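Take a look at the structure set out below.
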DNA sequence: GGGTCAAATTCGACATTGTCGACTCTAGTT
DNA sequence: AACTAGAGTCGACAATGTCGAATTTGACCC
């Protein structure tokens, strides 16, 4: 791991959390001398990864990130293939749908199709969810032993009374997920919200993304029809990506 | 400029252009030994900034960029303030509107409100435009001497027969832009497309963004009404950000 | 309006750190 | 099954980034 890149990435991470920070604040957070941080920040700034407030001496994330991320989204075959089926799935079920991938030890939402009832809903693309407290996350954990190890090696954060914080319970849930190829979550991250998720396979037979349907808590549990439609959609996307029944069974 | 950060940023830039590259391809492009590039790429990968193809040995941009960029968009006061007025402006004029900021020597579109006629239109947020061949870019150039110097120090790329490639002509156009606080462009980047743009001021009195209306070439020139509506919208946004008549006049 | 303070920024010497070449390993090809 | 091309590993060297001291900037208060 190259030290200065590690530090630079940490600076981006800090700015992600705190929005706007001065050199000395960054230096304090990283436990480095301000002059060192200054050099790192200026290098990031030269590439547009960080931007300085026009009136002031604080720094924030830069515009280059937007351009990079828009290319990132374009390169994802899963996403472009999934979009039309997600829209279909939202329409059929009446619920919002999400497509997620693994980012470090969390889940990143790479596409979101709103509930079709026309209510005001925040776009969720780019948000992330805890791996152990979301249906999306549980599916990723179930099919990725490395991630499972990562997540279980740290204490599990508690978000609501329903959050699973006992590693043994989580481990047994992951067994269920593998058995049914379906992840479940009821008010474990957000009160009033539940979800179910199914894996999406790539041509190598690996789970490369997860598809979920977000269900209001008072309409839980999901009907058999909803589950079947979710599974069908996830499977259709996988097939378009070149996965076969066979490859998905030997996968992992 | 820290060397390894510079190199890392260049790697991200290459992946932005080429989508998927192997270590040796990156090494060739950067004229560095493959082992050096490998170390850089692995460091970026550890932070999710690049990702390795599941089946294969090539690398692409990583999911962390999406999360970072979504935070970037949230931190931009201009954008959140501008969105509602842009929607209004699109509705009133019947044309698509764009909001841009400066990224290195180009213009990055940070918000796009579609033409309200309901035709299929690609979302343009995250795209970038050449500074010298767009109305947005000309406004940024006119109010940013450093950027002007940057852009004029290199040859001006030609996109269409209308593209201004003569520095002297561009310079005189920038004078006009400053005089009218309005940038114009007719088929200089894309055939069939023209646009007009007006500056948006921040509380320091600087031009921090640009607002434009995209007009089909066959409806050119824009009516006085359209121009006034664009100016009004840009001004309303500026005022919400704390700009005053006075500060915008002493600005720069 | 001037004086004080905190924070950003610049600079150069030192030693830590990243770089590079040689080597190994893996996978795909003929 | 041998061959090739590319990815990935390792350790020595010196180029590079780091850090402390000094300088500048700008904000706030008296």
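Protein chains in written order, with the numbering used here: chain A, 7 to 258; chain B, 7 to 258. Glycine included, every Cβ here is placed at the ideal spot set by N, Cα and C. Just so it is clear, the structure is predicted and the values come from calculations on it, not from any experiment.
Cβ-based burial, residue i [other Cβ within 10 Å; buried from 16]
i: residue 144 of chain A; result: buried
i: residue 118 of chain A; result: buried
i: residue 178 of chain A; result: exposed
i: residue 61 of chain B; result: exposed
i: residue 130 of chain A; result: buried
i: residue 85 of chain B; result: buried
i: residue 208 of chain A; result: buried
i: residue 164 of chain B; result: exposed
i: residue 152 of chain A; result: exposed
i: residue 154 of chain B; result: buried
i: residue 124 of chain B; result: exposed
i: residue 249 of chain A; result: buried
i: residue 223 of chain A; result: exposed
i: residue 175 of chain A; result: exposed
i: residue 92 of chain B; result: buried
i: residue 33 of chain A; result: buried
i: residue 17 of chain A; result: buried
DSSP-derived helix/strand/coil call for residue i
i: residue 169 of chain B; result: coil
i: residue 42 of chain B; result: helix
i: residue 186 of chain A; result: helix
i: residue 118 of chain A; result: strand
i: residue 215 of chain A; result: strand
i: residue 259 of chain A; result: Given that chain A is displayed from residue 7 to residue 258, the structure contains no residue 259 of chain A and the question cannot be resolved.
i: residue 131 of chain A; result: coil
i: residue 230 of chain B; result: helix
i: residue 50 of chain A; result: helix
i: residue 125 of chain B; result: coil
i: residue 249 of chain B; result: coil
i: residue 106 of chain A; result: strand
i: residue 223 of chain A; result: helix
i: residue 163 of chain A; result: coil
i: residue 241 of chain B; result: helix
Whether residue i touches residue j by CB criterion (8 Å)
i: residue 73 of chain B; j: residue 212 of chain A; result: no
i: residue 148 of chain A; j: residue 112 of chain A; result: no
i: residue 193 of chain B; j: residue 171 of chain B; result: no
i: residue 109 of chain A; j: residue 173 of chain B; result: no
i: residue 141 of chain A; j: residue 180 of chain A; result: no
i: residue 103 of chain A; j: residue 139 of chain A; result: no
i: residue 100 of chain A; j: residue 216 of chain A; result: no
i: residue 247 of chain A; j: residue 87 of chain A; result: yes
i: residue 11 of chain B; j: residue 50 of chain A; result: yes
i: residue 236 of chain A; j: residue 195 of chain A; result: no
i: residue 67 of chain A; j: residue 8 of chain B; result: no
i: residue 79 of chain A; j: residue 239 of chain A; result: no
i: residue 71 of chain A; j: residue 146 of chain B; result: no
i: residue 232 of chain B; j: residue 219 of chain B; result: yes
i: residue 243 of chain A; j: residue 183 of chain A; result: no
i: residue 64 of chain B; j: residue 36 of chain B; result: no
i: residue 116 of chain B; j: residue 82 of chain B; result: yes
Run of the alpha helix (DSSP H) containing residue i, from where it starts to where it stops
i: residue 151 of chain A; result: 151–158
i: residue 95 of chain A; result: 83–99
i: residue 33 of chain B; result: 29–36
Limits of the beta strand (DSSP E) - the one that residue i falls within
i: residue 196 of chain A; result: Taken as a continuous stretch (DSSP letters only), residue 196 of chain A belongs to no beta strand (DSSP E), as it is neither H nor E.
i: residue 21 of chain A; result: Not the beta strand (DSSP E): residue 21 of chain A falls in the alpha helix (DSSP H), residues 9–24.
i: residue 146 of chain B; result: No beta strand (DSSP E) holds residue 146 of chain B; the alpha helix (DSSP H) holding it covers 141–148.
i: residue 67 of chain A; result: 65–67
i: residue 57 of chain B; result: 56–58
Exercise for the section: Decide if the segment 10–28 of chain A is in contact with the segment 52–60 of chain A; the criterion is three or more beta carbon pairs, one per stretch, under 8 Å apart. Expected result: yes
Practice task
Could you tell me whether the segment 225–242 of chain B touches the segment 198–206 of chain B, using the rule of 3 or more Cβ pairs below 8 Å?
Solution key: yes
Handout entry: Meets three-Cβ-pair contact criterion under 8 Å: the segment 37–51 of chain B and the segment 74–90 of chain A
Key = no
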